[in-house]
Amino acid sequence: MAETDTPRSWDRRARAREEFIDAAYRVIDTHGPRPSMNDIAKEAGATKPRLYRHFADKADLYKAIADRTTRDVYKLVAPKFNFLLTTPHEALNHAITGYAEVVAEHPNVFRFLADGELKQDGAGSALSLDVERDLTDRLAGVASTIFESVSAEVSDVRFTARAAVGIMVSTTDLWLESSQGSAKPDTEYFAGQVAPLVWGVLDAFLRRNGIELDPTEPLYLALARINAP
């Protein structure tokens, strides 16, 4: 096996990619949402050719930044949080606040994702759509697991998840614009504005599937009644 194909070499390359993504975050945070590859390479203490040894092209690096953002949101929202033990309102506020915390730490990164275009094979798609698709898949997975746990049959989870994520992402620039001049965007304000809108979408989805939830009651109690004789 060639040295370049050993697990150790893969680890080194993975670390190098993460270091370049870290550098990209710092450049965007400091200089705004239109970073140059030269600035990113310089910030990482490397050359531009070395950067391109770890990323196929600019689109590859941009996609990696979008993936990092999605992972950061998900780490704050889901893994250590039991949605079944909380009320729908608490769960929703937790999820939206987690998203807002990531954006508030790196507002220019969000602006970069909103403005940036991922071009591959001559076709372009907004980086923010890439984030929306990933968050939609993760949210739909969490929702499906919850419904399966109480044997509730629902349809079109992904459409509703996409609508909920779309509300959060599409209102973020308005929130950041209204927060200009602040030391840090107010995440509680964002959650307070957006949570009722998202709940409206989720409530309509649940009612369409014959489920009525009291948003102030722990979720497991409400869902348990679905299967009650």
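Residues 1 to 229 in full-length UniProt numbering are what the sequence shown spells out, letter by letter. No residue lacks a Cβ here, since even glycine has one placed at the ideal position from N, Cα and C.
Relative to the C-alpha of residue i, which residue among the options is closest?
i, options, result
"TYR74", "GLU101, GLU90, ALA59", "GLU101"
"SER182", "ALA104, VAL194, VAL154", "ALA104"
"ALA161", "SER178, ALA140, SER155, ASP173", "ALA140"
"GLY166", "VAL154, LYS184, ASP130, TYR189", "ASP130"
"VAL194", "ASP22, ARG50, ASN93", "ASN93"
"HIS89", "ALA224, ALA222, PRO196", "PRO196"
"ARG26", "ALA14, TRP10, ASP11, GLY45", "GLY45"
"LEU51", "LEU76, ASP22, PRO79, ALA78", "ASP22"
"ARG138", "ARG71, GLU217, LEU127, ARG53", "ARG71"
"THR97", "ASP115, ALA78, VAL109, ALA114", "ALA78"
Residue i to residue j, Cα distance in whole Å?
i, j, result
"ASP121", "LYS58", "With a pLDDT of 45 at ASP121, under the threshold of 50, the modelled position of this residue cannot be trusted, and the question is left open."
"LYS63", "ALA95", "23 Å"
"ILE40", "ARG68", "16 Å"
"VAL198", "ALA16", "38 Å"
"LEU84", "ASP214", "13 Å"
"GLY32", "SER178", "18 Å"
"ARG158", "THR47", "42 Å"
"PRO185", "GLU18", "26 Å"
"ILE65", "VAL154", "34 Å"
"ASP203", "ARG13", "45 Å"
Could you round the C-beta distance between residue i and residue j to whole angstroms and report it? I think they count as a contact, below 8 Å.
i, j, result
"LEU61", "PHE20", "7 Å"
Hey, quick one: how far does the alpha helix (DSSP H) through residue i stretch, first residue to last?
i, result
"ASN93", "88-105"
"GLY200", "187-208"
"GLU153", "No alpha helix (DSSP H) contains GLU153, which DSSP labels as neither H nor E."
"LYS184", "Taken as a continuous stretch (DSSP letters only), LYS184 belongs to no alpha helix (DSSP H), as it is neither H nor E."
"LEU219", "219-224"
"THR70", "58-77"
Just checking: is the beta-carbon of residue i within a distance shorter than 8 Å of some beta-carbon in chain B?
i, result
"LEU213", "The structure shown contains no chain B; it holds only a single protein chain."
Heavy atom of the ligand FAD less than 7 Å from the Cβ of residue i, yes or no?
i, result
"ALA204", "Of ligands this structure carries none, so the ligand FAD is not represented either."
Any alpha helix (DSSP H) of 4 or more consecutive residues that is wholly inside the UniProt DNA-binding region "H-T-H motif" (36-55): 37-43, 48-54
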